[in-house]
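Going by my numbering, the sequence shown opens with residue 10, and the numbers climb by one from there.
Quick reminder that beta carbons are idealized off the backbone N, C-alpha and C, glycines included.
Being a predicted model, the structure only gives us computed values, none of them experimental.
Please read the structure below before turning to the comments.
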Amino acid sequence: MSRKIDVGKRILSANERYALKNSQLLGEQKKLCLNMISSPGSGKTTILARTIRDVKDKIKIGVIEGDIQTDLDAERIKATEAPVVQIETGGSCHLSAAQVSGALEKLPVGDLDLIFIENVGNLVCPSAFELGESGKIVVLSATEGDDKPVKYPAIFAKSKVLLINKIDLLEAGAQVDFDVERVRADARKLNKGIEIFPISAQTGEGMNRWYDWLAESTKNLQGD
Ligand SMILES: Nc1nc2c(ncn2[C@@H]2O[C@H](COP(=O)(O)OP(=O)(O)O)[C@@H](O)[C@H]2O)c(=O)[nH]1
Ligand SMILES: [Mg+2]
10 MSRKIDVGKR ILSANERYAL KNSQLLGEQK KLCLNMISSP GSGKTTILAR TIRDVKDKIK
70 IGVIEGDIQT DLDAERIKAT EAPVVQIETG GSCHLSAAQV SGALEKLPVG DLDLIFIENV
130 GNLVCPSAFE LGESGKIVVL SATEGDDKPV KYPAIFAKSK VLLINKIDLL EAGAQVDFDV
190 ERVRADARKL NKGIEIFPIS AQTGEGMNRW YDWLAESTKN LQGD
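What follows is the structure, given as structure tokens:
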């Protein structure tokens with residue numbers, strides 16, 4: 010005969026257990042960890058490489074690179090001399106908290122101020138898997154269409170920052186149809202507090218406000 014005992018506790022999934030482990034480790038060491046999510050090609054690796062080079066005197070950055078296949082992005086980050094760990098998911102469309110836990114063990118976390126996770130390029134699946142990060146950053150580039158916040162609301166609703174990338178392609182005479190103000194308004198409807206920075210990782214336009222936000226966020230965490 011079996012009896013059902015209600016212990017009043019929800020059993021955590023394996024992913025939730027690892028996410029908790031990661032957030033505890035990062036919390037104890039006061040490290041900011043940002044999970045970057047976007048469609049493939051929106052410019053995540055370009056943004057990271059430029060950010061690392063531009064702020065290297067102020068913020069020590071390490072990177073966890075997630076890709077379905079290849080270590081091409083990790084090689085681009087290595088060229089900046091920042092520590093990087095590549096995870097190849099072998100087909101999975103998102104990183105898991107267990108994979109991030111393994112990668113954190115390989116990074117010199119104690120020497121860093123900030124850890125970026127470049128998630129697998131996908132606007133949908135990665136938003137559903139917590140990794141124990143401090144916050145999510147969503148990137149939308151000008152060539153993807155300004156309807157994406159209304160079509161893929163979950164990631165815009167959950168992110169701390171929206172980077173609108175490739176604004177260099179919106180200059181007068183360019184053939185790209187993209188209304189930055191529409192994106193701003195739709196993202197704010199989903200998420201009142203979201204910070205929005207229109208940038209070009211190519212030309213550097215708008216990047217200083219992003220760097221200020223990173224410096225402020227790492228300082229606030231370390232000052233706790
Ligand atoms: N014009 C323009 N191209 C960019 C910008 N940022 C990235 N790219 C280009 O977009 C393509 C994809 O960039 P990548 O960083 O690999 O995107 P990821 O797949 O999100 O990591 C590359 O050809 C980049 O040179 C930008 O701000 N402006
Ligand atoms: Mg990339």
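Nearest-angstrom Cα separation, counted from residue j out to residue i
| i | j | result |
| --- | --- | --- |
| Gly-50 | Asn-31 | 28 Å |
| Lys-198 | Ala-88 | 39 Å |
| Arg-85 | Asp-15 | 51 Å |
| Ile-77 | Ser-11 | 44 Å |
| Ser-110 | Gly-100 | 19 Å |
| Asp-177 | Glu-214 | 8 Å |
| Lys-145 | Lys-13 | 39 Å |
| Leu-121 | Phe-206 | 24 Å |
| Phe-59 | Ala-210 | Rather than Phe, the amino acid found at residue 59 in this sequence is Arg. Roughly 7 Å separates the two Cα atoms. |
| Asn-128 | Ala-181 | 33 Å |
| Lys-228 | Leu-81 | 31 Å |
| Ala-151 | Ala-183 | 11 Å |
| Glu-190 | Val-159 | 14 Å |
| Glu-36 | Ala-28 | Before going further, note that residue 36 is Gly rather than Glu in the sequence given. For Gly-36 and Ala-28, the distance between alpha carbons rounds to 12 Å. |
| Ala-137 | Gly-232 | 30 Å |
| Ser-320 | Ala-194 | The displayed coordinates of the chain run from 10 to 233. Any statement about residue 320 would go beyond what the structure contains. |
| Asp-221 | Asp-66 | 13 Å |
| Val-170 | Arg-218 | 12 Å |
| Asp-155 | Leu-132 | 14 Å |
| Glu-114 | Gln-108 | 10 Å |
| Leu-192 | Cys-102 | This sequence places Val at residue 192; Leu is not what is there. Cα to Cα, Val-192 sits roughly 25 Å from Cys-102. |
| Gln-240 | Ile-20 | Because residue 240 is not part of the residues shown, which for the chain are 10 to 233, the question remains open. |
| Ala-163 | Thr-79 | 28 Å |
Own chain partners of residue i with C-beta closer than 7 Å, once the 5 adjacent residues on each side are dropped
| i | result |
| --- | --- |
| Arg-26 | none |
| Leu-223 | Val-64, Ile-68, Leu-123 |
| Ala-112 | Ile-73, Val-94, Ile-96 |
| Ala-83 | Glu-74, Val-93, Gln-95 |
| Met-45 | Lys-53, Phe-125, Ile-126, Glu-127, Asn-128, Ile-146, Val-148 |
For residue j and residue i, believed in contact at Cβ under 8 Å, the rounded distance
| i | j | result |
| --- | --- | --- |
| Leu-57 | Ser-143 | Going by Cβ atoms, the distance from Leu-57 to Ser-143 rounds to 16 Å, so no, they are not a contact pair. |
| Arg-106 | Asn-174 | The sequence shown places Ala at residue 106, rather than the Arg named in the question. Actually they do not touch by this definition, with Cβ atoms about 27 Å apart. |
| Gly-119 | Gln-38 | 7 Å |
| Gly-52 | Val-185 | Not really, about 14 Å apart at Cβ, beyond 8 Å. |
| Gly-75 | Thr-98 | 6 Å |
| Leu-43 | Ile-126 | 7 Å |
| Leu-104 | Pro-135 | 7 Å |
| Ser-48 | Glu-153 | 6 Å |
| Ile-208 | Met-216 | 5 Å |
Identity of the residues DSSP links to residue i by a beta bridge
| i | result |
| --- | --- |
| Leu-41 | Leu-123 |
| Asn-174 | Ser-150 |
| Gln-78 | Note: Gln-78 sits in no beta bridge, so no partner. |
| Ile-70 | Leu-123 |
| Glu-97 | Asp-76 |
| Glu-204 | Val-170 |
| Ile-46 | Val-147 |
Other residues of its chain near residue i: CB distance less than 8 Å, five sequence neighbours each side excluded
| i | result |
| --- | --- |
| Thr-200 | Position check: residue 200 holds Asn in this sequence, whereas Thr was assumed. Excluding residues within five positions, the ones whose Cβ falls inside 8 Å are Phe-165, Ala-166, Lys-167, Ser-168. |
| Lys-18 | none |
| Leu-179 | Ala-151, Val-185, Phe-187, Val-189 |
Cut-off 6 Å between Cβ atoms - residues of its own chain near residue i, not counting five sequence neighbours on either side
| i | result |
| --- | --- |
| Leu-116 | Gly-71, Pro-92, Val-94 |
| Arg-62 | Thr-89 |
| Tyr-161 | Leu-132 |
| Asp-188 | Asp-155 |
| Glu-139 | Ala-28 |
| Thr-55 | Ala-210 |
| Lys-157 | Leu-149 |
At what residue ranges does the segment 107 to 152 contain a whole run of the beta strand (DSSP E), taking only runs of 3 or more?
DSSP runs (the beta strand (DSSP E)) wholly in the segment 107 to 152: 123 to 127, 144 to 150.
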